[in-house]
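Residue numbers (this note's numbering), protein chains in the order written: chain P, 18 to 450; chain W, 33 to 192; chain F, 289 to 767.
Yeah, the Cβ is synthetic: ideal placement off N, Cα and C, and Gly gets one too.
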Amino acid sequence: MTEENGLTDKEKANYKDYALLSYHHIPGVHNLEVFEKAGGYEMMKAAFLKDPEAIKEEVKNSGLRGRGGAGFPTGVKWGFFTKDRQAQKYLVCNADESEPGTFKDRYLVEKNPHILIEGMIISAWALGIQKGYIYIRGEFYHQAVTLEKAIKEAYAKNYLGKNILNKNFDFDLYVHRGAGAYICGEETGLISSLEGKKGQPKLKPPFPAIKGYRGLPTMVNNVESLAAVPWIMRFGADAYKKWGTEKSPGTKLFSISGDVNKPGVIEVPLGTTLKEIIEVHCGGMKDGHALKAVIPGGSSAPIFDAETSYAVKMDYEDVAAKGSMLGSGAIVVINDKRNMGDVLKWTLEFYHHESCGQCTPCREGTGWLEKVFKRRESGKGLVSDIDLLDKTAASMRGQTICALADAAAMPTQGMIKVFRRELEEYVSTPVKK
Amino acid sequence: MSTQKFEFTPENLVLYKEYLTRYDDVQSALLPVLHLVQEQNHWISPEAIAYVSQLMTIPEIKIKEVISFYDMFYDEPVGRNVVHVCTNITCSMFGGREIYQGLLKHYKADYLKPCDNNRLSFQKMECLGACELAPCMRLNNDFVGNVDLNSAISKIDALP
Amino acid sequence: MSDTVKFKWNDKEIEAKKGSNLLKAALDNGIDVAHYCYHAGLSVAGVCRMCMVEQNGVPRPFPACNATVNENIEVRNDTPKIKEAVSATLQFHLLNHPLDCPVCDQAGECGLQDNYMLHGKYDSQMTDKKVHKEKVQDIGCDVMLDAERCILCSRCVRFTGEVTKSSELGILNRGDHAEITVLKELNNDYAQNLVDICPVGALTSKDFRFKQRVWFLEDVHTTCIGCEVGCSVKVSQNKNGAYRVKPVLDEAVNGYWMCDDGREIYKHVSSPTRLHSLVANQQSLFVPAEEASLKEKLKNKNVKLILSTHLTNEEYRDVFTKIKDLNLAARVEVALYRSPDVGPIFDGILKRGNKNANLKGAIKNFEQFGFDASDDHCKKLMANVKDSDAVLFVLPEMSQSLDHLETAVKQISKAALKCAITPNEEWSFVRTFDFLCPVPTFLEKNGTMLNYQGLERTLVAGMSYGDNSKTVASYLDWV
Chain P
18 MTEENGLTDK
28 EKANYKDYAL
38 LSYHHIPGVH
48 NLEVFEKAGG
58 YEMMKAAFLK
68 DPEAIKEEVK
78 NSGLRGRGGA
88 GFPTGVKWGF
98 FTKDRQAQKY
108 LVCNADESEP
118 GTFKDRYLVE
128 KNPHILIEGM
138 IISAWALGIQ
148 KGYIYIRGEF
158 YHQAVTLEKA
168 IKEAYAKNYL
178 GKNILNKNFD
188 FDLYVHRGAG
198 AYICGEETGL
208 ISSLEGKKGQ
218 PKLKPPFPAI
228 KGYRGLPTMV
238 NNVESLAAVP
248 WIMRFGADAY
258 KKWGTEKSPG
268 TKLFSISGDV
278 NKPGVIEVPL
288 GTTLKEIIEV
298 HCGGMKDGHA
308 LKAVIPGGSS
318 APIFDAETSY
328 AVKMDYEDVA
338 AKGSMLGSGA
348 IVVINDKRNM
358 GDVLKWTLEF
368 YHHESCGQCT
378 PCREGTGWLE
388 KVFKRRESGK
398 GLVSDIDLLD
408 KTAASMRGQT
418 ICALADAAAM
428 PTQGMIKVFR
438 RELEEYVSTP
448 VKK
Chain W
33 MSTQKFEFTP
43 ENLVLYKEYL
53 TRYDDVQSAL
63 LPVLHLVQEQ
73 NHWISPEAIA
83 YVSQLMTIPE
93 IKIKEVISFY
103 DMFYDEPVGR
113 NVVHVCTNIT
123 CSMFGGREIY
133 QGLLKHYKAD
143 YLKPCDNNRL
153 SFQKMECLGA
163 CELAPCMRLN
173 NDFVGNVDLN
183 SAISKIDALP
Chain F
289 MSDTVKFKWN
299 DKEIEAKKGS
309 NLLKAALDNG
319 IDVAHYCYHA
329 GLSVAGVCRM
339 CMVEQNGVPR
349 PFPACNATVN
359 ENIEVRNDTP
369 KIKEAVSATL
379 QFHLLNHPLD
389 CPVCDQAGEC
399 GLQDNYMLHG
409 KYDSQMTDKK
419 VHKEKVQDIG
429 CDVMLDAERC
439 ILCSRCVRFT
449 GEVTKSSELG
459 ILNRGDHAEI
469 TVLKELNNDY
479 AQNLVDICPV
489 GALTSKDFRF
499 KQRVWFLEDV
509 HTTCIGCEVG
519 CSVKVSQNKN
529 GAYRVKPVLD
539 EAVNGYWMCD
549 DGREIYKHVS
559 SPTRLHSLVA
569 NQQSLFVPAE
579 EASLKEKLKN
589 KNVKLILSTH
599 LTNEEYRDVF
609 TKIKDLNLAA
619 RVEVALYRSP
629 DVGPIFDGIL
639 KRGNKNANLK
649 GAIKNFEQFG
659 FDASDDHCKK
669 LMANVKDSDA
679 VLFVLPEMSQ
689 SLDHLETAVK
699 QISKAALKCA
709 ITPNEEWSFV
719 RTFDFLCPVP
729 TFLEKNGTML
739 NYQGLERTLV
749 AGMSYGDNSK
759 TVASYLDWV
């Protein structure tokens, strides 16, 4: 599914209909001329003929929601931004993509860097921003190189730089590599990292739109959100809303991994059932095993059992209604041979490793959740530890500067809610050495 | 451990100057600069910290803070090749942890400690963002997916 | 004040400046809000998460330290939700904290202990291995660091970053392995403030280490006489002695801080070299002497009275009044000895080079009573000492220029009778004197001084450690 040659005609046709992956089947589309030949940068040129306010209005009307995980309406977020076009400000693309299970942004930019660049130029024009950064996680080295090359091509055609296409608009864009810290995916953690410091989130208020990078107005958007802008410009908000649901319009990139036959990235309208995603787009369960659980939106999302997995529609509302969150759209499919205790253990280890350490409840809590859950390793695990885990996780929520503590607490409580019996057995069974 | 003075090669100095032009203040260039130090010398020695501190007028403690915060920066020597093995959820489901332990055993290595004549260092990492290739590793900058212990070993043996 | 507004905290009405820090407004009005990382002299960090509050109209609890005062807001930290949150957060603070209380200097004034009695859960469920970090580190400037006790409030990092701008301290690593450390060592003149601001026993004073439990100490609020700034300080003492000096908030003079030099000012007050009676020099040993012996020698002599700049305004006044009342002006010449400057005029933060604590007060009183306070006059007086003279030299209580003082003492040594009026037998060159006449130290008298700004600074008497001290003026009765 990730190879151009392996696409069926139906799949190719589907891609052309969708917003983000519509160029993905074209060989060499990371080259600017190939991208342009296929229609790329047309919308950027058209955007310069439009009133910036009109572009913002269109994005708002489209109902596009932040695709990084928070799901906050992008157009509304843009509305908080200063209208002073002369003031110094920044546009930052969040390409840190470190939520376990997520690889959609990587998949998008490694093939088609220009769609992001085009989206950023249009957004910069709409918001009156003169400088932008693509903050990409350090591990995505080749993707960073690809983006740098693409940016260079764009500069060569004056799509970036001073007085773009003689429209009296300057926009400089740079790639900035991170260095291995999940917390830099949090927008203020990202800003701290961009400032050359530890990636520790900042207190809100003030919000980045008012006081962000270097104390100046900063708009931080996810890769997928920015990459959707050219399509919305071409076909309009109403066309975008034809896909998805009323509150979750448009398409979404989902990264699916785990016990399926065809893991990878797909683009489908929001509201597509998880059942369809697994059975149709991912070729069904691997080796014919039964489905036991699904993590629907990255490791921070509470887990679904099989019954809920087969009932849920993948949009923000339905997933939330069923007790989890759509998040980054990272789906991990788990079969009935797996031990949920192990899954929770790996999850707790992750948050312990990634807590930035600033806030006491998160710093100490993430460490303790892991320790309590691993008491079994020295034969000291008790069934009552599950209650302790639940209560401790609950006390970490809503207490901290950023949502990492909640991101650790929610899957913990979620796993306990859905698989308590299995966890109790897991902790009270000493580990055989 | 050598206490050699560190300074950028002339080529890297040119790159450093270019990095500075990307930002509106000097400190913002710190992460790219530290990546550059590691491209030149694999790790960031105390001498390199002193060098960067002077070059960019940043207190040494602040540089040390940054190095200690990020998984990809090393303030202790590492091998010429760094092997990252993902041990997060999907990769663990497909044996990533056993591969990591297997590699440590095979190369008689420890977390990050240089081995095989300073050729290799092993580091278990969090989700690399390539879960469709689970279990996945990085050999220096390259993702290598769908590995098992044997294919991992043969790829690692081929590293310079 | 047009920008002062009223608001409510737990139903109590408070007045504060609109837009000012919400937590500070509460604390300034005597409201008990548990907190660690907030300090009014430093930037806001908001990391300890203890000062969470609820406010009408705001959907979620938030930390008061990151909020501002607005008209008519109603803030609460007494709801069950907040109390539960504070309890849980305190538990997280204590999770990996070592049970060092029996050997920790901070006991009795520890933020964790204090809040634990009010908000603690009491039944610990932490049966796991705690995270261990480096303990007992001598990090310079008389400061000890115990990284395991540290609750990572970051006050010390902000202090060395923002106040001294020397950036010695930092927090390395992520998560619960985050650790406070210095790369090399502390290197600034204000390091002891770190001990004051650390809420726990992570940063402690090497000087005070293991010396005394704080519940056996009482604080005297007085003024430092180390230089012409006259910082507001409190000295902790009990009947066994004085033990340490800490700054007191004084917005007009020293703000929240004091310099490290000032930390030493308690030492001479209760040191073993304190005088307990008049003593006479017998072959370079000082032995107790009868008052009569000195009285006899002093009677009818021509006296050169050299005053230090460490006396209070009241003491200067008493001396000059005594000279007038006893008609001593014909026989007694008075001069003012000034210590030379040490270091720059002003170091940019607090400390000033002029170490003459009450210079302005001295000059004012000298002039008021018609005496010459100039340095020239003092130099001339000391140069013109005759062997028939008696010299009464009120020595400075402390000095950072002992060479200069020693030279001055040598200069007057040709006088037949030399008396040092001083609380201590501390410096080697006092053996030049024939008699040492004990006086109280700054910590044992009430009075006022004028600092370099011309502001009146108050000295408050605490406990007394020297017996048989007399005032300077009363020694003039013997002239």
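Cβ neighbours of residue i in the same chain (closer than 6 angstroms, five flanking residues each side left out)
i: Ala143 of chain P; result: Pro69, Ile72 and Lys73
i: Ala36 of chain P; result: Ala245, Trp248 and Thr268
i: Leu291 of chain P; result: Ser326, Val329 and Met331
i: Pro148 of chain P; result: Checking the sequence shown, residue 148 of chain P turns out to be Lys, not Pro. Closer than 6 angstroms at Cβ, skipping near neighbours: Tyr107 and Asp189.
i: Trp766 of chain F; result: Lys583 and Leu586
i: Ala333 of chain F; result: Cys325 and Ser442
Residue from the options whose Cα sits closest to the Cα of residue i
i: Ser372 of chain P; options: W:Ser186, W:His67 and W:Glu158; result: W:Glu158
i: Leu133 of chain P; options: P:Lys309, P:Leu164 and P:Leu406; result: P:Leu164
i: Leu738 of chain F; options: F:Thr561, F:Thr367, F:Gly658 and F:Asn644; result: F:Asn644
i: Leu66 of chain W; options: P:Ala196, P:Leu125 and P:Lys388; result: P:Ala196
i: Lys339 of chain P; options: P:Gly314, P:Thr383 and P:Arg251; result: P:Gly314
i: Leu743 of chain F; options: F:Gly529, F:Ala704, F:Cys519 and F:Asn588; result: F:Cys519
i: Lys311 of chain P; options: P:Gln147, P:Asp276 and P:Val297; result: Here residue 311 of chain P is Val; the residue named in the question, Lys, does not match the sequence. Minimum Cα distance to Val311 of chain P is reached at P:Asp276.
i: Pro90 of chain P; options: P:Ala161, P:Asn48, P:Asn238 and P:Gln160; result: P:Asn238
i: Asn149 of chain W; options: W:Pro109, W:Ala82 and W:Ala184; result: W:Pro109
i: Glu43 of chain W; options: W:Lys187, W:Val69, W:Lys137 and W:Val114; result: W:Val69
Three-state secondary structure assigned by DSSP to residue i
i: Lys145 of chain W; result: coil
i: Gln525 of chain F; result: strand
i: Gln570 of chain F; result: strand
i: Gln217 of chain P; result: coil
i: Ala678 of chain F; result: strand
i: Ser242 of chain P; result: helix
i: Lys300 of chain F; result: strand
i: Asn111 of chain P; result: strand
i: Phe40 of chain W; result: coil
i: Tyr199 of chain P; result: helix
i: Gly281 of chain P; result: strand
i: Lys67 of chain P; result: coil
i: Asn601 of chain F; result: helix
i: Tyr55 of chain W; result: coil
i: Val607 of chain F; result: helix
i: Phe436 of chain P; result: helix
i: Tyr478 of chain F; result: coil
Close-in-space but distant-in-sequence residues of the same chain around residue i (CB under 7 angstroms, 5 per side omitted)
i: Ser454 of chain F; result: Thr448, Asn475 and Asn476
i: Glu655 of chain F; result: Ala661
i: Asn183 of chain P; result: none
i: Val357 of chain F; result: Val293, Phe295, Ala304, Lys305, Lys306, Gly307, Ser308, Leu310 and Ala313
i: Tyr32 of chain P; result: Its pLDDT being 48, under 50, Tyr32 of chain P is placed unreliably in this model, and the value from its coordinates should be taken loosely. The residues are Leu38, Ser39, His41 and His42.
Cβ neighbours of residue i in the same chain (closer than 8 angstroms, five flanking residues each side left out)
i: Pro349 of chain F; result: Met340, Val341, Glu342, Lys369, Ile370 and Ala373
i: Glu334 of chain P; result: Thr262, Lys264 and Ser265
i: His306 of chain P; result: Asp276, Asn352, Asp353 and Lys354
Contiguous alpha helix (DSSP H) assignments of at least 4 residues, all confined to the segment 120-190 of chain W:
If we require 4 residues or more, the alpha helix (DSSP H) runs fully inside the segment 120-190 of chain W come out as 121-125, 128-138 and 181-189.
Anything in the segment 242-259 of chain P with a Cβ closer than 8 angstroms to a Cβ of chain F? List those residues in chain order, please.
Result list empty, no residue passes.
4-residue-minimum alpha helix (DSSP H) runs that sit fully inside the segment 322-395 of chain F, ordered along the chain:
Entirely contained in the segment 322-395 of chain F, the alpha helix (DSSP H) runs reaching 4 residues are, in chain order, 368-383.
Please list, in chain order, the residues of the segment 89-103 of chain W that have any C-beta partner in chain F closer than 7 angstroms.
Within the segment 89-103 of chain W, contact with chain F at the beta-carbon level (separation under 7 angstroms) is assigned to Pro91, Glu92, Ile93, Lys94, Lys96, Glu97, Ser100 and Phe101.
Contacting positions in the segment 146-178 of chain W - beta carbon closer than 9 angstroms to chain P
Against chain P - using a Cβ distance shorter than 9 angstroms - the residues of the segment 146-178 of chain W are Met157, Glu158, Cys159, Leu160, Gly161, Ala162, Cys163, Glu164, Leu165, Ala166, Arg170, Asn172, Asn173, Asp174 and Phe175.
Relative to chain W, which residues along the segment 199-214 of chain P have a C-beta separation below 8 angstroms, given in chain order?
Here the close residues are Tyr199, Ser210, Leu211, Glu212, Gly213 and Lys214.
Chain P contacts from the segment 403-423 of chain F (Cβ-Cβ distance under 9 angstroms)
Within the segment 403-423 of chain F, the qualifying residues are Gln413, Met414, Thr415, Asp416, Lys417 and Val419.
Enumerated in chain order, which unbroken segments of the alpha helix (DSSP H) with a length of 4 residues or greater are wholly contained in the segment 388-440 of chain P?
Those alpha helix (DSSP H) runs which fall completely within the segment 388-440 of chain P and span 4+ residues are 401-412.
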